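K.L.:
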Amino acid sequence: MDEQALLGLDPNADARYRQRRTRAQAMAYFEQLKESQDAWEVCAEALAKGIYSDDHVKFFCFQVLEHQVKFRHASLSAAQQQLVRETLMKWLQCQLMAPQPEKVFIRNKAAQVLALTFVMEFLTLWPKFFFDLLLLVGLNPNGVDVYLRTLMAIDAEVVDRDVLHSPEETRRNTLIKDGMREQCIPHLVESWFQILQTYQQSHPELTCQCLEVVGAYVSWIDLNLIANDRFVNLLLSHMSMEELREEACDCLSEMVNKGMDPLDKTKLVESLCRVLQSAGFFNVEQEEDVDFLAKFSRLVNGMGQNLVLSWTKLVKGGDAEEAAHTLQAVEAKHEDDDISSNVVGFCYEYLHVLKQLPQLSPQQESNMEAILLAIMKKLKYDEEYNFESEGEDEAMFVEYRKQLKMLLDRLAQVSPELLLEAVRRFFTNAMLTWRTAPFMEVEVAVRLLYMLGEALPAAHGAHFSGDGAKTSALQDMMRTLVSCDVSSYQHPSVSLEFFETVVRYDKFFVVEPQHVPAVLMAFLDQRRGRRHSSPKVRSRGAYLFSRFVKSLHKHMNAFVEDILTRIQDLLELAPPENGFPALLTSDDQLFMFEAAGVLIVSGESPVQRKQALMRSLLLPLTDAFTALLAKLTREADQERQAALADCLSHAVGFASRTSKAFSNKQTVKQCGCTEVYRDCMQAFLPALSCPVQRGALRSCVRSFLHRMIICLEEEVLPFIPAASQHMLKDCEAKDLQEFIPLISQMTAKFKVQVSPFLQQVFMPLVLAIFEVLARPADHNDQAAALDKQLLRRSYFTFIQTVAGSGMNEVMANQGAENVERVVFTIVQGAVDIPDPVAQKTCFIILSKLVELWGGKDGMVGFPDFIYKHIVPACFLAPLKPTFDLADAQTVLTLSECAVTLKTIHLKRGPEFIHFLQQDYLPSLQVAPDVSQELCQVIQQPDIKVLKNYTKAFFQRAKV
1 MDEQALLGLD
11 PNADARYRQR
21 RTRAQAMAYF
31 EQLKESQDAW
41 EVCAEALAKG
51 IYSDDHVKFF
61 CFQVLEHQVK
71 FRHASLSAAQ
81 QQLVRETLMK
91 WLQCQLMAPQ
101 PEKVFIRNKA
111 AQVLALTFVM
121 EFLTLWPKFF
131 FDLLLLVGLN
141 PNGVDVYLRT
151 LMAIDAEVVD
161 RDVLHSPEET
171 RRNTLIKDGM
181 REQCIPHLVE
191 SWFQILQTYQ
201 QSHPELTCQC
211 LEVVGAYVSW
221 IDLNLIANDR
231 FVNLLLSHMS
241 MEELREEACD
251 CLSEMVNKGM
261 DPLDKTKLVE
271 SLCRVLQSAG
281 FFNVEQEEDV
291 DFLAKFSRLV
301 NGMGQNLVLS
311 WTKLVKGGDA
321 EEAAHTLQAV
331 EAKHEDDDIS
341 SNVVGFCYEY
351 LHVLKQLPQL
361 SPQQESNMEA
371 ILLAIMKKLK
381 YDEEYNFESE
391 GEDEAMFVEY
401 RKQLKMLLDR
411 LAQVSPELLL
421 EAVRRFFTNA
431 MLTWRTAPFM
441 EVEVAVRLLY
451 MLGEALPAAH
461 GAHFSGDGAK
471 TSALQDMMRT
481 LVSCDVSSYQ
491 HPSVSLEFFE
501 TVVRYDKFFV
511 VEPQHVPAVL
521 MAFLDQRRGR
531 RHSSPKVRSR
541 GAYLFSRFVK
551 SLHKHMNAFV
561 EDILTRIQDL
571 LELAPPENGF
581 PALLTSDDQL
591 FMFEAAGVLI
601 VSGESPVQRK
611 QALMRSLLLP
621 LTDAFTALLA
631 KLTREADQER
641 QAALADCLSH
651 AVGFASRTSK
661 AFSNKQTVKQ
671 CGCTEVYRDC
681 MQAFLPALSC
691 PVQRGALRSC
701 VRSFLHRMII
711 CLEEEVLPFI
721 PAASQHMLKD
731 CEAKDLQEFI
741 PLISQMTAKF
751 KVQVSPFLQQ
761 VFMPLVLAIF
771 EVLARPADHN
781 DQAAALDKQL
791 LRRSYFTFIQ
801 TVAGSGMNEV
811 MANQGAENVE
821 RVVFTIVQGA
831 VDIPDPVAQK
841 TCFIILSKLV
851 ELWGGKDGMV
861 GFPDFIYKHI
871 VPACFLAPLK
881 PTFDLADAQT
891 VLTLSECAVT
901 LKTIHLKRGP
911 EFIHFLQQDY
921 LPSLQVAPDV
931 SQELCQVIQQ
941 PDIKVLKNYT
951 KAFFQRAKV
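Read in order, the letters of the sequence shown are residues 1 to 959 in full-length UniProt numbering.
Here it is, written out as structure tokens:
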């Protein structure tokens, strides 16, 4: 064997060697060794005699041997199979005498080959596999290591449920396990006990390996072999040893999770619980090893969940007495008041059990109280929690809090009275001492009040007008919250929780509106809410303030102008050159402008005053916009241009956001604000002709126009022609794609009122679309292709809107040549573009046009167009290879195609049927009987029949 060749497989081979032998050559030689009929025997000899010292050569010898056992075992002669067995045992014997064990990757590969040989031969050729192995290994540490690795490799091959096996392999594995239970499991268990006992002090790594083996095998062997005094006591002693206790915990967890009879499971868990209790393991307050605590809590969680499962099975089986005993066992697990994330599952399932009981015992109520106290304790933030820069630890705690909230919700379902009273006690005490209490105590008290909103739905839904006890308790707590000045606590977590809670319980202020001013001051004064030192509080506070105002504006009429004065500095546009850090981001300012708009519009001021207030709110924006736009046109630096355009966009966005305050009951016109918004339009529209930063500026002005079409009604119409002219100049696919919805919105809303404008803009818009779609593009530019696809869809949608708005004169008045050109693009879209969404729209348009122009008094020449182009489209499109009748969207397109045929028949009558039978269908070589059948279906009144028939018709035609 060429050892030098195999060395090329070592990823760490030196550069000089790699120049002589490439890795590819080494791989080729390795493959040759694997596939050779007898080369593997050279590898076997090398392993048995320890010929090679290089680790990688030894590893690849094992790989060659593995290949023979895995893929060629059945074709090996009896002598060759014996050679494999002898090779493995001789190699193992060498390990017993070696001063240093082999590298881990070699031991793992050897264990794999041993496991594969066992799987192939245990039932037939090598029934004494384990006896031979144990006899050879004894208690030699090197040998024990390979023995344990082999057991884990056998588990992976035979037992591991995550590995997919064929039915044949599954049958074989079942026979292997049965054979092991009958012949050798007791001996293996005894060997495990000896290993655990012998090496617990001297070789902790071997002991941990052995515990892992026990945990893996316990799921399918006789539990009594492990769950006995000597084994459990040994495991308990391991749990007192720092290096062993995590693995011992995992081993006990596997024992507890073993499937068994519910009564046996109850006895096992109770027995284990007693010994853990007496050994003091439940006293975890002083424990600092977080990893061990996680493992131990997983064990406790498993014990509890398995008892709950046993209780459920016993209840379903009607065994009430045993079920009661099991429930007592469950409740014995609640003596500890700690809830780690790993035992939340058990607590949740225990509460689910209590929910099903008709009445709770004093013990059960006590357990619930213990869980609640633990939840309150565990909800508290840690001193080290970083509120300004949250990392992985913080994210894990937030997730843990969500689990605790689920527990709290479940507890509320079992005993809402207990929850309400406990939270009231805790909250009241915390509010009495908040000035001297640490932030985590104060925060969790307010947090619990907030959480009641979901835990007790009546508290949030019916709020303060339902169940007397709940209403009274919640009202008392809310009154305390807003009057005890806890909002002055400067820690961000307390501030945030205060604002979240007052907004959640907004209905409290409907009942007691006298507290609204105090909360407004908390939002708006110089040290809290909007001006808090924490950016997070300021940002979230902006959103919550907006919600508070929208919900309770009726109770703020007396303070509207005072509030607007107090937030004036928060409504200022921050130009990019001022250099001062803004209190709020532009996104946060959107909420402030919306709140200001709501206060003005919903207030009780006379119309003139509302107009004045709205003008004073928006005039600074328009003035700043005009000045900044002038500056932008003179600015040469691209970075400065982008910053100015960003600021201009914010100004338009703020103005737009104020318009959300209007409604059908309080329109712009009714509030006297039409002129104010017209002035805004006048200020913003010049941005459309700005030669730089066109994309950003057009986008924000277009969004503003969308809002104005909704709010200003017909007052917006004079501005649209000029705006359209600017937006159609030098435009890209994306510009047009975003402009079309604006025209469609206006068309759908104003209909006949915009007909003159639409007639004027129709062809310029269509020609601009044609020009952009015709531009050559790189075939590999997927973004450009998508932009064109979306523009094409927008174009068809626009034509559909015009045709469907009762304004057929808009298209009809474009001149015969233009009309034909447009309608031809619709036919082309229906047939030639493999986009079912666009095709469906095209057929809808064609149906509408036939309905409008296809009758006897329709457009001159259109009937000829129907027969020359529209009828063929209805057949050619579905016959295209790209027209996939298995696709749901395409089937919808076919339905619209059928509707088009039906509409043509309704408009042209027998003439159409004659055309199909005598001219068109024969040209497609459609058989006369099929042609007659189709025409009969078209003439039936039920369109569903035609839709179903056309699908079957084209399915047959495409076979």
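Heads up, the beta-carbon is just placed ideally off N, CA and C, and yes, glycines get one too. Computed from a predicted model, the values in this text were never measured in an experiment.
In the stretch 711 to 785, which residue ranges form an unbroken alpha helix (DSSP H) of at least 4 residues, counting only runs that do not cross its ends?
P.N.:
720 to 727, 733 to 750 and 755 to 774
K.L.:
Buried or exposed for residue 973, please, with buried defined as at least 16 other CB atoms from any protein chain shown within 10 angstroms of its CB.
P.N.:
Past the boundaries of the shown model lies residue 973; the chain is included only from 1 to 959, so the question cannot be answered.
K.L.:
Could you compute how far the alpha carbon of Gly858 sits from the alpha carbon of Glu851?
P.N.:
The sequence position of residue 858 within the sequence shown is 858, counting from 1. The sequence position of residue 851 within the sequence shown is 851, counting from 1. Distance between the alpha carbons of Gly858 and Glu851: 9 Å.
K.L.:
Ends of the alpha helix (DSSP H) at Ser493?
P.N.:
On the sequence shown, residue 493 is found 493 positions in, with the first residue counted as 1. First-last of the alpha helix (DSSP H) with Ser493: Pro492 to Arg504.
K.L.:
Indicate the three-state DSSP secondary structure (helix, strand or coil) for Asp637 in the structure shown.
P.N.:
Position 637 of the sequence shown, counted from the first residue, corresponds to residue 637. In the structure shown, Asp637 sits in coil (DSSP, three-state: anything other than H, G, I, E or B).
K.L.:
Does the beta-carbon distance from Ala803 to Leu765 come in below 8 Å?
P.N.:
Position 803 of the sequence shown, counting from 1, holds the residue named residue 803. Position 765 of the sequence shown, counting from 1, holds the residue named residue 765. Not a contact, by the Cβ cut-off of 8 Å.
K.L.:
Answer with buried or exposed for Met477, where buried requires no fewer than 16 other C-beta atoms within 10 angstroms of its C-beta.
P.N.:
As a first step, residue 477 must be located in the sequence shown, where it is residue number 477. Looking at its Cβ environment, which holds 16 or more other Cβ atoms inside 10 Å, Met477 is buried.
K.L.:
Which stretch, first to last residue, makes up the alpha helix (DSSP H) that contains Cys484?
P.N.:
Here residue 484 is taken as the residue at index 484 of the sequence shown, counted from 1. Bounds of any alpha helix (DSSP H) do not take in Cys484, whose DSSP letter is neither H nor E.
K.L.:
Specify whether the stretch 584 to 595 and the stretch 648 to 661 touch according to this definition: at least 3 beta carbon pairs, one from each stretch, less than 8 Å apart.
P.N.:
The stretch 584 to 595 is in contact with the stretch 648 to 661.
K.L.:
Where does the unbroken alpha helix (DSSP H) through Thr882 begin, and where does it stop?
P.N.:
Taking the first residue of the sequence shown as position 1, residue 882 is located at position 882. Annotation: Thr882 is outside any alpha helix (DSSP H) and is labelled neither H nor E by DSSP.
K.L.:
Is Leu705 close to the ligand GTP? I mean its beta-carbon at under 7 Å from any heavy atom of the ligand.
P.N.:
For the structure depicted, the ligand GTP is absent and the ligand set is empty, with no information on it obtainable.
K.L.:
Can you tell me whether DSSP reads Arg161 as helix, strand or coil?
P.N.:
As a first step, residue 161 is located in the sequence shown; it is residue number 161 there, counting from the start. Arg161: coil per DSSP, three-state reduction.
K.L.:
Locate the alpha helix (DSSP H) running through Leu599, then write down its first and last residues.
P.N.:
Here residue 599 is taken as the residue at index 599 of the sequence shown, counted from 1. Taken as a continuous stretch (DSSP letters only), the alpha helix (DSSP H) holding Leu599 covers Ser586 to Ser602.
K.L.:
Please classify Pro438: does DSSP put it in a helix, a strand, or coil?
P.N.:
Stepping through the sequence shown from its first residue, residue 438 is reached at position 438. In this structure, Pro438 counts as coil in the three-state DSSP scheme.
K.L.:
On the DSSP letters alone, give me the boundaries of the alpha helix (DSSP H) that Thr170 sits inside.
P.N.:
Position 170 of the sequence shown, counted from the first residue, corresponds to residue 170. From DSSP, the alpha helix (DSSP H) with Thr170 extends over Pro167 to Gln183.
K.L.:
Are the beta-carbon atoms belonging to Val442 and Val494 less than 8 Å from one another?
P.N.:
Stepping through the sequence shown from its first residue, residue 442 is reached at position 442. Stepping through the sequence shown from its first residue, residue 494 is reached at position 494. It is a contact, given that the beta carbons lie within the stated cut-off.
K.L.:
Which whole runs of the alpha helix (DSSP H) in the stretch 646 to 675 are 4 residues long or more, in chain order?
P.N.:
none
K.L.:
Could you have a look at Tyr949 and say whether DSSP puts it in helix, strand or coil?
P.N.:
Translated into the one-based positions of the sequence shown, residue 949 becomes position 949. Three-state DSSP puts Tyr949 in a helix.
K.L.:
What is the rounded straight-line gap between the Cα of Trp311 and the Cα of Val398?
P.N.:
On the sequence shown, residue 311 is found 311 positions in, with the first residue counted as 1. On the sequence shown, residue 398 is found 398 positions in, with the first residue counted as 1. Straight-line Cα distance between these residues: approximately 32 Å.
K.L.:
Terminal residues of the continuous alpha helix (DSSP H) containing Thr433?
P.N.:
By 1-based counting over the sequence shown, the position of residue 433 is 433. For Thr433, there is no enclosing alpha helix (DSSP H), as DSSP marks it with neither H nor E.
K.L.:
Output the boundary residues of the alpha helix (DSSP H) element that contains His67.
P.N.:
Walking along the sequence shown from the start, residue 67 turns up at place 67. Asp55 to Arg72 is the span of the alpha helix (DSSP H), which, as asked, contains His67.
K.L.:
With H, G and I counted as helix, E and B as strand and the rest as coil, what does DSSP make of Ser515?
P.N.:
The residue labelled residue 515 in the question sits at position 515 within the sequence shown. Per the sequence shown, residue 515 should be read as His rather than Ser. In this structure, His515 counts as helix in the three-state DSSP scheme.
K.L.:
Roughly how many whole angstroms lie between the Cα atoms of Arg531 and Asp409?
P.N.:
Taking the first residue of the sequence shown as position 1, residue 531 is located at position 531. Taking the first residue of the sequence shown as position 1, residue 409 is located at position 409. Arg531 and Asp409 have their C-alpha atoms some 34 Å from each other.
K.L.:
Does the stretch 901 to 921 come close enough to the stretch 938 to 949 to have 3 or more Cβ pairs within less than 8 Å?
P.N.:
By the Cβ rule, the stretch 901 to 921 counts as touching the stretch 938 to 949, because three or more pairs are nearer than 8 Å.
K.L.:
As a quick exercise: from Val308, Gln363, Gln359 and Glu365, pick the residue whose alpha carbon is nearest that of Val353.
P.N.:
Mapped onto the sequence shown, residue 353 falls at position 353. Cα-wise, what sits closest to Val353 is Val308.
K.L.:
Is it buried or exposed, Asp887, if we count other Cβ atoms within 10 angstroms and call 16 or more buried?
P.N.:
For the purposes of this step, residue 887 is identified with residue 887 of the sequence shown, where counting begins at 1. Asp887 is exposed by the Cβ-count criterion.
K.L.:
State yes or no: is the C-beta of Cys690 within less than 8 Å of the C-beta of Ala655?
P.N.:
Within the sequence shown, the letter at position 690 stands for residue 690. Within the sequence shown, the letter at position 655 stands for residue 655. No, the Cβ-Cβ distance between Cys690 and Ala655 is not below 8 Å.
K.L.:
At which residues does the alpha helix (DSSP H) containing Leu83 begin and terminate?
P.N.:
For this step, residue 83 is matched to residue 83 along the sequence shown. Ala78 to Met97 is the extent of the alpha helix (DSSP H) around Leu83.
K.L.:
Can you list, in chain order, the residues of its chain whose CB lies under 7 Å from that of Leu543, leaving out five sequence neighbours each side?
P.N.:
Taking the sequence shown and counting its residues from 1, one reaches residue 543 at position 543. Residue 543 is actually Tyr in this sequence, not Leu. Counting only Cβ-Cβ distances below 7 Å, and skipping sequence neighbours, we find Phe591.
K.L.:
Along the chain, where does the alpha helix (DSSP H) that runs through Ala395 open and close?
P.N.:
Within the sequence shown, numbered from 1, the residue matching residue 395 stands at position 395. Unbroken alpha helix (DSSP H) run through Ala395: Glu392 to Val414.
K.L.:
Within 10 Å of its beta-carbon, does Ala957 have 16 or more other beta-carbons around it, so buried, or fewer, so exposed?
P.N.:
In the sequence shown, the residue the question calls residue 957 occupies position 957. By the 10 Å Cβ count, Ala957 comes out exposed.
K.L.:
Is the Cβ-Cβ distance between Asp145 and Met89 less than 8 Å?
P.N.:
The residue you call residue 145 lines up with position 145 of the sequence shown. The residue you call residue 89 lines up with position 89 of the sequence shown. It is not a contact, given that the beta carbons lie outside the stated cut-off.
K.L.:
Have a look at Cys347, Cys874, Leu360 and Gly909 and flag the residue whose alpha-carbon is nearest the alpha-carbon of Ser895.
P.N.:
As a working mapping, residue 895 is identified with position 895 in the sequence shown. Nearest C-alpha to Ser895: Cys874.
K.L.:
Quick one: using the 10 Å Cβ neighbour count with 16 as the cut-off for buried, is Gln589 buried or exposed?
P.N.:
Residue mapping note: residue 589 aligns to position 589 of the sequence shown, counting from 1. Label assigned to Gln589: buried.
K.L.:
Pick from Ala422, Phe762 and Val502: whose alpha carbon is nearest that of Leu728?
P.N.:
To locate residue 728, count along the sequence shown from 1; it is residue 728. When each option's Cα is compared against that of Leu728, the closest is Phe762.
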